[in-house]
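Chemist:
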Amino acid sequence: MKNLLRIATGVTAAGAAAVLTATSASAASSPTYTKSTTGAKASCSFVSWGTLVHDDHLQITCTLSDTKADGDSVYVEWWGDGYAHRLLYNRGGNGSAKKVSEARSNPDGSYQYAHFRVCRDINWWPDNCSASKKWTI
């Protein structure tokens, strides 16, 4: 009977360890979303994963394109759950495309949403930006 109890306890502990390991290593990814405005286009996807809490890390990867070739830089603005907005630039101009990527961690817990929009950086005038895209994590 004691041997059966030891085996059952060992199997339960191994099963719990496997679940905890799988949960901490799991990741969620989004499909690629595209937003555009006059002179700029961004095709972006997000990946989230947890190390301490589920989805406490978030990464954006975008292909950022200058579609007007007018000398103005283009950028993607992104943010998640009330954290500061971040800008990733393609300063190449002249019809160029550039892959940009950045990751952030949320020390207070998990991310629930991610947002992005694409903008054309116009000197001495307000920037021209698309509507934002919200992704539920």
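Here the sequence shown is numbered in this note's numbering, starting from 45 and rising by one per residue.
Where is the CB? At the ideal position from N, CA and C, for every residue including glycine.
With DSSP collapsed to three states, give me the class of LYS112.
Modeler: In the sequence shown, residue 112 corresponds to position 68, counting from 1. It is coil, neither helix nor strand.
Chemist: Please name the residue in PRO75, PHE90, ALA84 and ASP100 whose C-alpha comes closest to that of ASN150.
Modeler: Here residue 150 refers to the residue found at position 106 when the sequence shown is read from its first residue. Checked all of PRO75, PHE90, ALA84 and ASP100; the closest Cα to ASN150 is ASP100.
Chemist: Could you check which residue in GLY83, THR111, VAL97 and THR78 has the C-alpha nearest to that of SER89?
Modeler: Stepping through the sequence shown from its first residue, residue 89 is reached at position 45. Of the candidates GLY83, THR111, VAL97 and THR78, the one whose C-alpha sits nearest the C-alpha of SER89 is THR78.
Chemist: Which residue wins for smallest C-alpha separation from TRP168, given the options THR111, LEU102, ASP116 and LYS85?
Modeler: Translated into positions along the sequence shown, residue 168 becomes position 124. When only C-alpha atoms are compared, the closest one is ASP116.
Chemist: So what's ILE104 in DSSP terms, helix, strand or just coil?
Modeler: Here residue 104 is taken as the residue at index 60 of the sequence shown, counted from 1. If DSSP states are grouped into helix, strand and coil, ILE104 belongs with the strands.
Chemist: What three-state label does DSSP hand ALA86 in the structure shown?
Modeler: Position 42 of the sequence shown, counted from the start, is the residue given in the question as residue 86. The answer is strand: DSSP assigns ALA86 an E or B state.
Chemist: Between the Cα of GLN103 and the Cα atoms of ALA147, GLY94 and SER87, which residue gives the shortest distance?
Modeler: As a working mapping, residue 103 is identified with position 59 in the sequence shown. Taking only the C-alpha atoms, the option nearest GLN103 is ALA147.
Chemist: Under a Cβ-count criterion, where at least 16 other Cβ atoms within 10 Å of its own Cβ denotes burial, should THR81 be classed as buried or exposed?
Modeler: As a position in the sequence shown, residue 81 is number 37, starting the count at 1. THR81 is classed as buried because its beta carbon has at least 16 other beta carbons within 10 Å across all chains shown.
Chemist: Looking only at its own chain, which residues have a Cβ that is under 7 Å from the Cβ of SER92, when we skip the five neighbours before and after it?
Modeler: As a first step, residue 92 must be located in the sequence shown, where it is residue number 48. Closer than 7 Å at the Cβ level, and outside the excluded window around SER92, lie ALA71, ALA72, ASP99, HIS101, LEU102, TYR155 and ILE181.
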